[in-house]
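Novice: Per my numbering, the sequence shown starts with residue -16, numbered consecutively.
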Amino acid sequence: MSTAAITPGDDPITLERRVPAHGGLNLRLLRIEVRRLLRNRRTIIFATLMPLAFFLLFSTGSSGRIGRGDYNAYTMINFALYGALVAACAIGASVSIERAQGWSRQLRLTPLTGRAYIATKLLTALVGSLAPVVILFIAGALRHSSLPTDAWLTSFLLTWLMGGQFASLGLFIGYLVPTENAMQILGPLLAILAFGGGLFVPYDVLGSTMQTVARFTPMWGAGEIARWPLMGGSFEIGWLVSLVLWIGAFFLGATYFFRRDTKRV
-16 MSTAAITPGD DPITLERRVP AHGGLNLRLL RIEVRRLLRN RRTIIFATLM PLAFFLLFST
44 GSSGRIGRGD YNAYTMINFA LYGALVAACA IGASVSIERA QGWSRQLRLT PLTGRAYIAT
104 KLLTALVGSL APVVILFIAG ALRHSSLPTD AWLTSFLLTW LMGGQFASLG LFIGYLVPTE
164 NAMQILGPLL AILAFGGGLF VPYDVLGSTM QTVARFTPMW GAGEIARWPL MGGSFEIGWL
224 VSLVLWIGAF FLGATYFFRR DTKRV
């Protein structure tokens, strides 16, 4: 029996893991997450059919003008944003199921960082939240929604991007509470956020106090940005500041609870 001797020229043995570039964020992991999402299409179908039903119910054949478009376009953007919000949050909250299955603990054995994993989930949610926006905008076109040509593309992109960002909220809830409570909390929470973002009821209908309160809710900035191509006027930096602060808070919270969860090995 022989043993290998360590010579002075050998590299020292270390127990520290080398963190790969970008914290482990890579296209292969993203493809795996997207495939998992597409195999479980119930979330996307639900997030598409529910706002579509709302749009068909509340849209009208009237030509009432709002901003640069009409009432149908206003309703289309709002419910498309709501569908993207529901899809993104549900995809994010699915980590609660992964926690119950022990997947989060297995990730502790890899060099993947918390921020890279959360970023992968956010990108996956962007893919999943695309379907509701596409279907709602097609339905809006079939219902003869009126929008300038440039506003169709701009509002589509902004609605999709604004809704997809809220996967960070789903991730935050998914890591914060047990599996059986995640969706029970998200359901009523999303309805409240939708009211705060003016998705169900226009701000003009609300009283001055409620309008002030709505400005401090997470969906206020997202709703205003998504409707900006329709409403026209100048872009207010306060919308973007509100969105960045809320999404940043959810992202940091999700990262913190992910790290805490993966330490329980």
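All residues carry an ideal CB built from backbone N, CA and C; glycine is no exception.
Roughly how far, in whole angstroms, is the beta-carbon of G111 from the beta-carbon of I28, given that I think they are within contact range, below 8 Å?
Specialist: Locating residue 111 in the sequence shown gives position 128, where the first residue counts as 1. Locating residue 28 in the sequence shown gives position 45, where the first residue counts as 1. 11 Å between Cβ atoms; not a contact.
Novice: Give, in chain order, every unbroken run of the alpha helix (DSSP H) that is at least 4 residues long and sits entirely within the stretch 72 to 98.
Specialist: Correct list: 78 to 83 and 86 to 90.
Novice: Suppose you measure from the CA of I156 to the CA of A237; what does that come to, to the nearest Å?
Specialist: Counting from 1 along the sequence shown, the entry for residue 156 is found at position 173. Counting from 1 along the sequence shown, the entry for residue 237 is found at position 254. Rounded to the nearest angstrom, the two C-alpha atoms are 8 Å apart.
Novice: In three-state DSSP terms, what is G123?
Specialist: On the sequence shown, residue 123 is found 140 positions in, with the first residue counted as 1. Note: G123 maps to helix in three-state DSSP.
Novice: Do Y158 and V69 count as a contact pair if the criterion is CB distance below 8 Å?
Specialist: Taking the first residue of the sequence shown as 1, we reach residue 69 at position 86. Taking the first residue of the sequence shown as 1, we reach residue 158 at position 175. Cβ distance not < 8 Å, so V69 and Y158 don't count as in contact.
Novice: Under the DSSP definition of a beta bridge, which residues are partnered with G153?
Specialist: In the sequence shown, counting from the first residue as 1, residue 153 sits at position 170. For G153, which the question treats as bridged, DSSP gives no partner whatsoever.
Novice: L228 to R18, Cα distance in whole Å?
Specialist: In the sequence shown, the residue the question calls residue 228 occupies position 245. In the sequence shown, the residue the question calls residue 18 occupies position 35. Taking the straight line from one Cα to the other gives about 31 Å.
Novice: From what residue to what residue does the alpha helix (DSSP H) around N164 run?
Specialist: Position 181 of the sequence shown, counting from 1, holds the residue named residue 164. Per DSSP, N164 belongs to the alpha helix (DSSP H) from T162 to G179.
Novice: Let's test the definition: count the other Cβ atoms within 10 Å of the Cβ of V116 and tell me whether it reaches 16, buried, or not, exposed.
Specialist: For this step, residue 116 is matched to residue 133 along the sequence shown. V116 should be labelled buried.
Novice: Considering only residues of the same chain and omitting the five flanking positions on each side of T43, which have a CB-CB separation below 8 Å?
Specialist: The residue labelled residue 43 in the question sits at position 60 within the sequence shown. Around T43: Y54 and N55.
Novice: If you compare alpha carbons, which of F218, G97, L169 and L141 is closest to F241?
Specialist: Position 258 of the sequence shown, counting from 1, holds the residue named residue 241. Measuring from the Cα of F241, the nearest candidate turns out to be G97.
Novice: Which residues in the same chain as L119 place their Cβ atom closer than 7 Å to its Cβ, once the five residues preceding and following it in sequence are excluded?
Specialist: On the sequence shown, residue 119 is found 136 positions in, with the first residue counted as 1. The residues are P34, L35, F38, M59, F62, A63 and G66.
Novice: Drop a sphere of 10 angstroms on the beta-carbon of G170, count the other beta-carbons inside from all chains shown, and report buried for 16 or more, exposed for fewer.
Specialist: As a first step, residue 170 must be located in the sequence shown, where it is residue number 187. G170 is exposed by the Cβ-count criterion.
Novice: Around the Cβ of G221, are there at least 16 other Cβ atoms within 10 angstroms (buried) or fewer (exposed)?
Specialist: Your numbering for residue 221 matches position 238 in the sequence shown. With fewer than 16 Cβ atoms within 10 Å of its Cβ, G221 is classed as exposed.
Novice: Look at the Cβ atom of I74, then the Cβ atom of G153, and state whether they are nearer than 8 Å.
Specialist: Taking the sequence shown and counting its residues from 1, the one referred to as residue 74 is at position 91. Taking the sequence shown and counting its residues from 1, the one referred to as residue 153 is at position 170. The answer is yes: Cβ separation under 8 Å.
Novice: Here's the rule I'm using: 16 or more other beta-carbon atoms within 10 Å means buried, otherwise exposed. How should D244 be labelled?
Specialist: What you label residue 244 is simply residue 261 of the sequence shown in a count that begins at 1. Buried, because 16 or more other Cβ atoms sit within 10 Å of the Cβ of D244.
Novice: For G52, does the three-state DSSP call read helix, strand or coil?
Specialist: To locate residue 52, count along the sequence shown from 1; it is residue 69. Strand at G52.
Novice: Inspect the beta-carbon positions of G215 and G181 and report whether they are closer than 8 Å.
Specialist: What you label residue 215 is simply residue 232 of the sequence shown in a count that begins at 1. What you label residue 181 is simply residue 198 of the sequence shown in a count that begins at 1. Not a contact, by the Cβ cut-off of 8 Å.
Novice: Is L105 helix, strand or coil by DSSP?
Specialist: If you number the sequence shown from 1, residue 105 lands on position 122. The answer is helix: DSSP assigns L105 an H, G or I state.
Novice: Compare the Cα-Cα distances from A122 to each of Y57, P201, F178 and F233 and report the closest residue.
Specialist: Walking along the sequence shown from the start, residue 122 turns up at place 139. For the residues Y57, P201, F178 and F233, the minimum Cα distance to A122 belongs to Y57.
Novice: Please report the straight-line C-alpha distance between A83 and A232, rounded to a whole angstrom.
Specialist: The sequence position of residue 83 within the sequence shown is 100, counting from 1. The sequence position of residue 232 within the sequence shown is 249, counting from 1. Going from the Cα of A83 to the Cα of A232 covers about 25 Å.
Novice: Going by the CB atoms, is the gap between S138 and I293 shorter than 8 Å?
Specialist: Outside the modelled stretch of the chain, which goes from -16 to 248, sits residue 293, for which no answer is possible.
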